[in-house]
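Residue numbers (the numbering used here): 264 to 653.
Cβ coordinates follow ideal geometry from the N, Cα and C atoms, glycine included.
All values reported here derive from a predicted model rather than from experimental measurement.
These notes are about the structure you will find just below.
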């Protein structure tokens, strides 16, 4: 399931960009592989993942959760990374690429704020200017992460058009990049956007499944599980968890989208269920759109999953049948979050809670090994959790 020279996974991917962005994207395309495959890059990337991020993250056997669902549930603890999510894996990689390309100004988009925090973090680490675009709605519902970004020295610019969420923040970041092509690097947070971003982000996140293989071998005597479950908005945490198992048909890859209030409610972000083929943010993929091809507004209780498209890798996994795609409603995600908290003493991010909700939707065998990618911790979502409990 390799990407081809034009950036396609099967029918999906590519770089559908305006002429004004061609130089920026082509410059990155021509340099990224040479940079990330160099020994100096690998050495620094590996060092920072270990000493700064805190990797490897544990593969935790969730004893009480396993007992409840009569199977062996392992949690890949990306929530224990520095900044509280998997996002830091990608920003460490991309900031090293940006430095190598001599870019001094970093821009990013963020929904839940975790990518914004991770970008602000690495910019502070490297002494680079950081501007983060964030939907006005998300700024209000993710206030703790906004405060973190500002404390780290980033400028947070609100996106006030459209639904004022992740899609609109991405639009603003692209406009900025067009206006500042020479000194600016656009640090995309997921496996979306024009080639080479989906491939590059997946490579940086593949550290998740790379560690998983070694940890499973140690814990189970086999380096692959029966199933891997991960939530999918754009899909970077899932891409990282699936990466080293894409060609292993013995492993079921399960992606869980945000059904929101239900896929027939009109308030959903379940792209594979209600979307169709089209182009969004420079990539051909599956996206939510009306009959005229206008993007429709997604909805999820989780700010990190309300994106109207899905990364081209995941669109290919869906269309080819290699991936199993499930959905979880807001309430199902909340129930799963409370369950993990009470059974294992771990408060997950609302995004990760969607993956946990899949446990109630699958018939497991007692001897199966199931890995759930716990992509983030729930600190940022406490206001939502508190409000929903009352």
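Query	Result
Hey, residue 607 and residue 328 are a contact pair by Cβ (cut 8 Å); roughly how many whole angstroms apart?	6 Å
By how many angstroms is the C-alpha of residue 427 removed from the C-alpha of residue 219?	Not covered by the structure: residue 219. The range shown for the chain is 264 to 653.
With 16 as the cutoff for other CB atoms within 10 Å, does residue 558 come out buried or exposed?	buried
Between the alpha carbons of residue 333 and residue 595, how many angstroms are there, rounded?	20 Å
Expressed to the nearest angstrom, what Euclidean distance is found between the alpha-carbon atoms of residue 324 and residue 342?	15 Å
May I ask which residues mark the beginning and end of the alpha helix (DSSP H) holding residue 308?	302 to 311
Is the segment 539 to 557 in contact with the segment 585 to 601, if contact means three or more CB pairs nearer than 8 Å?	no
Under 8 Å by Cβ, that's how I've got residue 576 and residue 614 pegged, so tell me the actual separation to the nearest angstrom.	With 8 Å as the limit, residue 576 and residue 614 do not qualify as a contact, their Cβ atoms being about 18 Å apart.
Should residue 309 go down as buried or exposed, given a rule of 16 or more other Cβ atoms within 10 Å for buried?	exposed
Excluding the 5 residues flanking residue 495 on each side, which residues of the same chain have their C-beta closer than 7 Å to its C-beta?	501, 518, 519, 520, 573 and 577
At 4 residues or longer, and completely inside the segment 308 to 376: list those alpha helix (DSSP H) runs for me, N to C.	326 to 332 and 350 to 363
Indicate the three-state DSSP secondary structure (helix, strand or coil) for residue 509 in the structure shown.	coil
If you scan the segment 509 to 568 from start to end, which runs of the beta strand (DSSP E) of 3 or more residues do you find wholly inside it?	515 to 523, 539 to 543 and 546 to 550
Could you tell me whether the segment 520 to 537 touches the segment 457 to 471, where touching means 3 or more Cβ pairs closer than 8 Å?	no
Please classify residue 490 as buried or exposed, where buried requires at least 16 neighbouring CB atoms within 10 angstroms.	buried
Inspect the beta-carbon positions of residue 610 and residue 639 and report whether they are closer than 7 Å.	no
Per DSSP, which one or two residues make a beta bridge with residue 420?	396
Taking 8 Å as the cut-off, does the segment 367 to 374 touch the segment 387 to 397 (at least 3 CB pairs, one atom from each stretch)?	yes
Anyone know if the C-beta pair for residue 383 and residue 359 falls short of 7 Å?	no
Residues in its own chain within less than 6 Å of residue 337 by CB, not counting five upstream and five downstream?	322, 324 and 634
What is the DSSP secondary structure of residue 428, counted as helix, strand or coil?	coil
With a 10 Å radius around its C-beta and 16 neighbouring C-beta atoms as the bar for buried, classify residue 413 as buried or exposed.	exposed
Out of 561, 554, 570 and 579, which has the shortest C-alpha to C-alpha gap to residue 548?	579
Look at the alpha carbon of residue 280 and the alpha carbon of residue 326, and state the distance between them as a whole number of angstroms.	48 Å
Does chain E have any CB closer than 7 Å to the CB of residue 483?	Chain labels in this structure do not include chain E; a single protein chain is all it has.
According to DSSP, residue 611 sits in a beta bridge with which residue or residues?	640
Let me know if residue 562 comes out buried or exposed under the rule of 16 or more other beta-carbons within 10 Å of its beta-carbon.	buried
What is the residue span of the alpha helix (DSSP H) that residue 679 lies within?	The shown model of the chain, from 264 to 653, leaves out residue 679, and the question about it has no answer.
Between which residues of its own chain and residue 298 is the CB-CB distance below 8 Å, once the five residues before and five after are set aside?	304, 359, 360, 363 and 364
Quick one: what does DSSP say residue 570 is sitting in, helix, strand or coil?	coil
Of the residues 452, 550, 493 and 509, which one's Cα is nearest the Cα of residue 620?	493
Determine the contact status of residue 397 and residue 433, defining contact as a CB-CB distance below 7 Å.	no
Residue 273 bridges to which residues according to DSSP?	Answer is none; residue 273 lacks a bridge partner.
Considering only C-alpha positions, which residue in the set 499, 571 and 508 is nearest to residue 531?	571
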